[in-house]
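Beneath this line is the structure, given in structure tokens, with notes to follow.
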Amino acid sequence: MAVASIGILTLLTAAVLFGPLIWRIPINEIDFTARLAHPSWDHPFGTDDLGQDLLARMLYGGRISLAVGFAAMAVAIIVGVLIGAIAGISRGSVDAALMWITDLFLALPQLPLLLLVIYLFRDFLKNWVGAEGGVFILIVLVIGAFRWMPVARLVRAQFLSLREKEFVEAARALGATTPRLVIRHILPNSLGPVIVAGTIDVAAAIIAESTLSFLGLGFPPDIPTWGRLLFDAKDYLDIAPHWALFAGAAIFLTVLTINFIGDGLRDALDPRRVM
Amino acid sequence: MSEPLLKVTKLTKEFPLKGGLFSGQVASVHAVDGVDFHVDRGETLGLVGESGCGKSTTGRCVLRLIEPSSGEIHFDGKDVRSLRADDLRILRRDIQIIFQDPYASLNPRMNVGAIVGEALIIHQLTKTKQQFEERVVDLLETVGLRADHMGRYPNEFSGGQRQRIGIARALAVEPKLIICDEPVSALDVSIQAQVINLLEDLQEKFGLAYLFIAHDLAVVEHISKRIAVMYLGRIVEMASAHELYASPRHPYTEALLSAVPIPDPKVKRQRVRLSGEVPNPISPPTGCHFHTRCPIAQFPLCKSEAPPLKQSADGHWVACHFR
Chain A
2 MAVASIGILT LLTAAVLFGP LIWRIPINEI DFTARLAHPS WDHPFGTDDL
52 GQDLLARMLY GGRISLAVGF AAMAVAIIVG VLIGAIAGIS RGSVDAALMW
102 ITDLFLALPQ LPLLLLVIYL FRDFLKNWVG AEGGVFILIV LVIGAFRWMP
152 VARLVRAQFL SLREKEFVEA ARALGATTPR LVIRHILPNS LGPVIVAGTI
202 DVAAAIIAES TLSFLGLGFP PDIPTWGRLL FDAKDYLDIA PHWALFAGAA
252 IFLTVLTINF IGDGLRDALD PRRVM
Chain B
4 MSEPLLKVTK LTKEFPLKGG LFSGQVASVH AVDGVDFHVD RGETLGLVGE
54 SGCGKSTTGR CVLRLIEPSS GEIHFDGKDV RSLRADDLRI LRRDIQIIFQ
104 DPYASLNPRM NVGAIVGEAL IIHQLTKTKQ QFEERVVDLL ETVGLRADHM
154 GRYPNEFSGG QRQRIGIARA LAVEPKLIIC DEPVSALDVS IQAQVINLLE
204 DLQEKFGLAY LFIAHDLAVV EHISKRIAVM YLGRIVEMAS AHELYASPRH
254 PYTEALLSAV PIPDPKVKRQ RVRLSGEVPN PISPPTGCHF HTRCPIAQFP
304 LCKSEAPPLK QSADGHWVAC HFR
């Protein structure tokens, strides 16, 4: 299952990376003679209400969706590992404070806050790095900022259990400093579950981006992402179901395969196999 | 006789138990309760006792892997308890530890070369990469492993081989004292003998001193020059190995020794059976810790007064009011 998933995901990634080089119809070529056309040889995924080719828009949108997914995962993992590691190694009051912050973030109502943050900072970033780049940074940071808590808890729990292991004690007995203990002994052994959590985060970030785009708060309307395609398609579900279908299927397939890969990784990295 | 390599005086360790509404300290576990002993250069002191009697905690306190609550530890003229981080690191070139579980004591994600050579990097004992590799190979061969084992990972080895890796790691810093925390308890009997023989060879070769912690009396008798018996955080008897086995004085030692199986079905002997369980170290019995299970206890003396560890014959120390 995991192997098949890796195959499908690789195919999807390759398609969005190299697809636009092969399927040369521009994403914004308007052709009113082919409005809402059903899939045909000219337009394999059909067209939207402006006659824009959906395959081209899907391939381009996939780049953004996947990039957001992986970048947000990276943000979540880095923040989560940092906070979890500091909490796990220092214990005491630092640990307690960091875990309070973690719980606080977990308790925040995410969607309203997301909307608020994006509403407040979108224009600022737009002026600073341009519309597309600004929204990309904003969305990645915001999604990452709401996804690091499970990773932090996971890493902290791993640290608390690993720091009592005999091989860590042996390294302490050899005179290893705390940074060395963390980097050489504790962290490498705690990353298995984190990688698995990371794959799930990719899926969650893609869905979160889709949600934002669907609510009209993601990228500017002329830039297609999978979520934006769904948002635009919702008014035409009865006359042009293909419009929503392909974007929905792409999100579904990506999330599903990434989750399967996460499961596979968890099995492959099972400590009972390693230890 | 010069002063001993390691001298431990009135060592105690209490682990606080937290609980209750405000996470305050509600009680404490008296793991080690006033322990005195010494280890001479190149000698082996066996430390025996049943599970939970504080023998491993004692060993770890000597290395300050666990901070002692009170008492004094002197190693080679240095006051171990007052050392700061940097000096403690230097101390750990002289004292090393071998662990019980060869599966938990090696980092599963480091290869053998990195595990054995870690101390060389920490203490910068080798200058070049070539020196480093030569030293690691040297160490591996000293403990009976091969040079080509360097690139392998711990899960590719058997328990006995893993224990050898642990020993090589401890030897890397050329220590004077190795704390052996039940180093053979997790191994098969045939492998136990190999590891014990290896430890004895190393002792002869490098003049090592061992603090040998175990619960298997036969193993301890074989390797130790002197043996200390612990019960519930206190040493109850300490004597030379031969003396202790030939004429135990403390009733607890008698009971322990009578439980060692004799590999001869014709031999019949009197078993001293202890009733009941080891008391809870959170609230150990008053007076002599052993009075709840002791066959010769007399009340109220044993319940009210803890017997001191006193010398009853030359080099034979007992903590009992009547022996």
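Sequences listed follow chains A and B, in order.
Residue numbers for the first sequence follow the working numbering, so the first one is 2 and each next one is one higher.
Residue numbers for the second sequence follow the working numbering, so the first one is 4 and each next one is one higher.
Yeah, the Cβ is synthetic: ideal placement off N, Cα and C, and Gly gets one too.
- Under the three-state reduction of DSSP, glutamate 210 (chain A) is assigned to helix.
- For the C-beta of asparagine 190 (chain A), the chain B residues within less than 9 angstroms are, from N- to C-terminus, Asn110, Pro111 and Arg112.
- For arginine 272 (chain B), same chain residues with a beta-carbon under 8 angstroms away, outside a window of 5 residues either side, are Ser261 and Ile265 in chain order.
- Under a 10 Å Cβ-count criterion, glutamine 166 (chain B) is classified as buried, with 16 or more other Cβ atoms of the shown protein chains found around its own Cβ.
- Take tryptophan 320 (chain B), set aside five residues on each side of it, and the residues of its chain with a beta-carbon closer than 6 angstroms to its own are Met241, Leu312 and Gln314, in chain order.
- When rounded, the separation of the alpha-carbon atoms in alanine 72 (chain A) and glycine 85 (chain A) is 20 angstroms.
- In the three-state reduction of the DSSP assignment, arginine 229 (chain B) falls in the strand class.
- Excluding the 5 residues flanking it on each side, serine 72 (chain B) has same chain C-beta neighbours closer than 6 angstroms at Thr15, Lys16 and Glu17, in chain order.
- 9 angstroms or more divides the Cβ of tryptophan 149 (chain A) from the Cβ of valine 197 (chain A).
- Within the segment 115-126 of chain B, Glu121, Ala122, Ile125 and His126 place their CB atoms closer than 7 angstroms to a CB of chain A, listed in sequence order.
- For the pair glycine 134 (chain A) and arginine 123 (chain A), the CB atoms are not nearer than the 9 angstroms cut-off.
- Taking a Cβ-Cβ cut-off of 9 angstroms, isoleucine 285 (chain B) has no neighbours in chain A, whose nearest Cβ is about 21 angstroms from it.
- Per the coordinates, the alpha-carbon of serine 193 (chain B) lies some 23 angstroms from the alpha-carbon of glycine 52 (chain B).
- Taking the Cα positions, valine 140 (chain B) is about 14 angstroms away from alanine 173 (chain B).
- When CB distances to chain B are screened at a threshold of 9 angstroms, the residues of the segment 160-189 of chain A falling below it are Lys166, Glu167, Phe168, Val169, Glu170, Ala171, Ala172, Arg173, Ala174, Leu175, Gly176, Ala177, Thr178, Arg181, Arg185, His186 and Pro189, in chain order.
- Residue A:Ser66 holds the alpha-carbon nearest to the alpha-carbon of leucine 254 (chain A) among A:Gly176, A:Ser66, A:Val152 and A:Leu105.
- For the set A:Pro225, A:Glu165 and A:Glu210, the Cα lying nearest the Cα of asparagine 190 (chain A) is the one of A:Glu165.
- Just so you know, the alpha carbons of serine 286 (chain B) and histidine 33 (chain B) end up roughly 8 angstroms apart.
- Scanning chain A for C-beta atoms nearer than 9 angstroms to the C-beta of aspartate 104 (chain B) yields Glu167, reported in chain order.
- Its chain contains Val275 and Leu277 as the residues whose beta carbon lies nearer than 7 angstroms to that of alanine 258 (chain B), once the 5 sequence neighbours on both sides are disregarded; these appear in chain order.
- At a cut-off of 9 angstroms between beta carbons, glycine 162 (chain B) makes no contact with chain A.
- Boundaries of the alpha helix (DSSP H) harbouring alanine 16 (chain A): 3-23, taken from the DSSP string.
- Note that the segment 117-124 of chain B does not touch the segment 180-194 of chain B; fewer than 3 beta-carbon pairs, one per stretch, sit closer than 8 angstroms.
- With fewer than 16 neighbouring CB atoms inside 10 Å of its own CB, tryptophan 101 (chain A) falls in the exposed class.
- Looking from the CA of phenylalanine 147 (chain A), the closest CA among A:Ala205, A:Thr200 and A:Gly176 belongs to A:Ala205.
- According to the DSSP secondary-structure assignment, tryptophan 320 (chain B) is paired through a beta bridge with B:Met241 and B:Gln314.
- Within 10 angstroms of the beta-carbon of tryptophan 227 (chain A) lie 16 or more other beta-carbons, which makes it buried.
- Cβ contact annotation for lysine 127 (chain A) (same chain, cutoff 6 angstroms, sequence separation greater than five): Gly135, in chain order.
- Partner residues in the beta bridge of phenylalanine 215 (chain B), as assigned by DSSP, are B:Gly49 and B:Cys183.
- Note on serine 211 (chain A): 16 or more other CB atoms within 10 angstroms of its CB, so buried under the neighbour-count rule.
- Glutamate 137 (chain B) sits exposed, since fewer than 16 C-beta atoms from the chains shown fall within 10 Å of its C-beta.
- The segment 100-117 of chain B and the segment 78-85 of chain B do not touch, with fewer than three beta-carbon pairs separated by less than 8 angstroms.
- Among the residues facing chain A, glycine 169 (chain B) is included, as its CB has a counterpart in that chain under 9 angstroms away.
- Residues of chain A whose Cβ lies closer than 9 angstroms to the Cβ of leucine 86 (chain B) do not exist; the shortest such Cβ separation is about 12 angstroms.
- With a threshold of 16 other beta carbon atoms within 10 Å, methionine 2 (chain A) falls short and is exposed.
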